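Chemist: In the UniProt record's numbering, the protein residues as written are 1 to 351.
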């Protein structure tokens with residue numbers, strides 16, 4: 001009788017969601033995505049709705065939650081078990097969000113419809129599938145796999161110098177010359193002469209370049225990415241994990257969102273070996289630094305797969321909470337696997 005019991009519980013929870021919506025009471029879950037325990041990974045709020053609320057109400061709820069993302073989902077009435085899904089930061093609605101999709105999948109597959117092994121969400125970016133994976137070996141959490149379309153990088157570009165310095169933590173003065181001619185890392189000694197210069201085809205002649213311009217880590221390559229969160233978007237590739245860890249962005253000076261990435265340092269003995277690391281800065285989307293960004297890995301996975309010649313990888317986002325993502329390229333899709341830990345279940349009031 002277990003499947004029948006699970007189905008009855010699921011139907012009861014869905015009815016409760018509809019009833020609460022009608023009474024200006026909404027169920028809410030908070031899930032730490034890409035986390036094997038609470039207080040790590042990336043927290044997202046998930047609200048199952050009985051009917052869509054006005055956009056301004058959805059945005060107000062997201063702002064009140066003050067998390068990087070709040071997901072709102074509505075069960076379709078066609079009997080498919082699919083949901084419509086929307087994501088909001090505290091300031092705007094976005095086209096794609098990985099960690100809040102994983103969190104939404106966890107709510108459906110763990111709470112609302114535990115007899116299901118997968119759920120399809122219909123979004124601005126098309127249908128997105130979340131599948132149930134294995135249980136975590138060291139905790140009570142569950143693994144899930146996101147099946148997302150790739151979001152590849154664009155052409156190699158010259159990184160805007162003011163953006164590089166804002167990401168690095170230093171504001172350029174208006175009296176300082178721009179260094180937008182640079183594409184690759186250039187080492188400059190204290191007399192201002194160039195010690196090492198690579199990729200000359202991307203660099204015009206630079207005379208008397210002051211040391212101060214390179215007082216921050218400089219990306220060895222930069223790519224534009226099609227805007228994903230309503231703002232200009234770049235990938236900055238750095239020489240080392242140390243460079244990425246040292247970044248201390250001045251968010252108010254950033255003119256674009258940036259994902260910063262580098263090869264991972266060698267693993268400490270006994271620890272998991274990561275293929276690459278990253279940090280994600282999105283001040284133009286209301287997210288200064290995201291804890292773990294699933295959507296960014298729809299770009300990072302194909303980017304690093306080409307560089308490393310690997311179809312499967314393990315990545316680590318090195319924010320202060322941090323999170324691990326297992327990645328695979330499968331038949332033109334990016335599979336992103338991670339765990340989820342439930343933190344909160346409750347009700348919010350709109351009256």
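Beta carbons: idealized from backbone N, C-alpha and C, even for Gly. In this text, all values refer to a predicted model and were calculated from it rather than measured experimentally.
Quick check on residue 61: does DSSP put it in helix, strand or coil?
Modeler: The sequence position of residue 61 within the chain shown is 61, counting from 1. Residue state, collapsed to three classes: helix.
Chemist: Counting C-beta neighbours from all protein chains within 10 Å, is the total for residue 223 16 or more, i.e. buried, or is it exposed?
Modeler: What you label residue 223 is simply residue 223 of the chain shown in a count that begins at 1. Its Cβ being crowded by 16 or more others within 10 Å, residue 223 is buried.
Chemist: Starting from the C-beta of residue 53, find all residues in its chain whose C-beta is less than 6 Å away, skip the five residues before and the five after it, and write them out in chain order.
Modeler: Position 53 of the chain shown, counted from the start, is the residue given in the question as residue 53. No residues qualify anywhere along the chain.
Chemist: Since residue 131 and residue 140 should fall inside the 8 Å C-beta cutoff, what is the C-beta to C-beta distance between them, to a whole number of angstroms?
Modeler: Working through the chain shown from its first residue, we reach residue 131 at position 131. Working through the chain shown from its first residue, we reach residue 140 at position 140. With a Cβ gap of about 19 Å, residue 131 and residue 140 do not count as contacting.
Chemist: State the DSSP-derived secondary structure class of residue 124, mapped to helix, strand or coil.
Modeler: Position 124 of the chain shown, counting from 1, holds the residue named residue 124. DSSP places residue 124 in coil when its eight states are reduced to three.
Chemist: Shortest alpha-carbon distance to residue 291 belongs to which of 298, 24, 305, 42?
Modeler: In the chain shown, counting from the first residue as 1, residue 291 sits at position 291. Nearest option by C-alpha distance: 42.
Chemist: May I have the straight-line CA-CA distance separating residue 265 from residue 323, to the nearest angstrom?
Modeler: On the chain shown, residue 265 is found 265 positions in, with the first residue counted as 1. On the chain shown, residue 323 is found 323 positions in, with the first residue counted as 1. So the alpha carbons of these two residues sit roughly 16 Å apart.
Chemist: From residue 177 to residue 35, what does the alpha carbon distance come to, in whole angstroms?
Modeler: Residue 177 sits at position 177 when you count from the first residue of the chain shown. Residue 35 sits at position 35 when you count from the first residue of the chain shown. Its pLDDT being 45, under 50, residue 177 is placed unreliably in this model, and the coordinates cannot settle the point.
Chemist: Do residue 70 and residue 88 have their C-beta atoms closer together than 8 Å?
Modeler: Indexing the chain shown from 1 puts residue 70 at position 70. Indexing the chain shown from 1 puts residue 88 at position 88. Cβ atoms of residue 70 and residue 88: closer than 8 Å.
Chemist: In terms of residue numbering, what span does the beta strand (DSSP E) encompassing residue 95 cover?
Modeler: Against the chain shown, residue 95 aligns to sequence position 95. Here residue 95 belongs to no beta strand (DSSP E), and DSSP marks it neither H nor E.
Chemist: Quick one: is residue 56 buried, meaning 16 or more other Cβ sit within 10 Å of its Cβ, or exposed?
Modeler: Translated into positions along the chain shown, residue 56 becomes position 56. Exposed, by the Cβ-count rule.
Chemist: Are three or more beta carbon pairs between the stretch 243 to 263 and the stretch 152 to 172 nearer than 8 Å?
Modeler: In short, these stretches touch, since the Cβ pair count reaches three.
Chemist: Comparing alpha-carbon positions, which option in 306, 246, 235, 230 lies nearest residue 158?
Modeler: Here residue 158 refers to the residue found at position 158 when the chain shown is read from its first residue. Closest by alpha carbon: 235.
Chemist: Less than 7 Å between C-beta atoms, sequence neighbours within five positions excluded: which residues of the same chain meet that for residue 243?
Modeler: As a working note, residue 243 is residue 243 in the chain shown. Once the five neighbours on either side are set aside, the close Cβ partners of residue 243 are 217, 262.
Chemist: Are the beta-carbon atoms belonging to residue 327 and residue 315 less than 8 Å from one another?
Modeler: Your numbering for residue 327 matches position 327 in the chain shown. Your numbering for residue 315 matches position 315 in the chain shown. Yes.
Chemist: Do you know whose CA, among 79, 74, 260, 29, lies nearest residue 107's CA?
Modeler: Within the chain shown, residue 107 is the residue found at index 107, counting from 1. For residue 107, the nearest C-alpha among the options comes from 29.
Chemist: Alpha helix (DSSP H) containing residue 306: first to last residue?
Modeler: As a first step, residue 306 must be located in the chain shown, where it is residue number 306. Note, residue 306: alpha helix (DSSP H), 297 to 308.
Chemist: If you draw a straight line from the C-alpha of residue 255 to the C-alpha of residue 277, how long is it?
Modeler: Position 255 of the chain shown, counted from the first residue, corresponds to residue 255. Position 277 of the chain shown, counted from the first residue, corresponds to residue 277. Whole-angstrom Cα-Cα distance: 23 Å.
Chemist: Here's the rule I'm using: 16 or more other beta-carbon atoms within 10 Å means buried, otherwise exposed. How should residue 281 be labelled?
Modeler: In the chain shown, counting from the first residue as 1, residue 281 sits at position 281. Residue 281 is buried by the Cβ-count criterion.
Chemist: How is the beta strand (DSSP E) around residue 84 delimited, first residue to last?
Modeler: Walking along the chain shown from the start, residue 84 turns up at place 84. Taken as a continuous stretch (DSSP letters only), the beta strand (DSSP E) holding residue 84 covers 83 to 88.
Chemist: In chain order, what are the residue ranges of uninterrupted beta strand (DSSP E) at least 3 long that sit wholly in the stretch 26 to 81?
Modeler: 42 to 49, 70 to 75, all fully within the stretch 26 to 81.
Chemist: Starting from the Cα of residue 149, find the closest Cα among 317, 143, 124, 161 and give me that residue.
Modeler: Counting from one through the chain shown, the residue named residue 149 turns up at place 149. Here the closest residue by C-alpha is 124.
Chemist: Taking a contact to mean a Cβ-Cβ separation below 8 Å, would you say residue 126 touches residue 226 in this structure?
Modeler: For this step, residue 126 is matched to residue 126 along the chain shown. For this step, residue 226 is matched to residue 226 along the chain shown. Going by C-beta atoms, residue 126 is not nearer than 8 Å to residue 226.
Chemist: CB-CB under 7 Å to residue 351, same chain, minus the five flanking residues each way: which ones, in chain order?
Modeler: Looking up residue 351 in the chain shown gives position 351. Excluding positions up to five away in sequence, the list reads 24.
Chemist: Sorted by chain position, which residues of the same chain lie with C-beta nearer than 6 Å to residue 345's C-beta, five sequence neighbours on each side aside?
Modeler: To locate residue 345, count along the chain shown from 1; it is residue 345. Here the set comprises 29.
Chemist: Figure out for me which residue from 301, 99, 112 has the closest Cα to the Cα of residue 48.
Modeler: Start at 1 with the first residue of the chain shown, and residue 48 comes out as number 48. Of the candidates 301, 99, 112, the one whose C-alpha sits nearest the C-alpha of residue 48 is 112.
Chemist: Could you tell me whether the Cβ atoms of residue 85 and residue 104 are closer together than 8 Å?
Modeler: Along the chain shown, one-based indexing puts residue 85 at 85. Along the chain shown, one-based indexing puts residue 104 at 104. Yes, these two residues count as a Cβ contact at 8 Å.
Chemist: Using a 10 Å radius around the Cβ and a threshold of 16 neighbouring Cβ atoms, would you call residue 317 buried or exposed?
Modeler: As a working mapping, residue 317 is identified with position 317 in the chain shown. Residue 317 is buried by the Cβ-count criterion.
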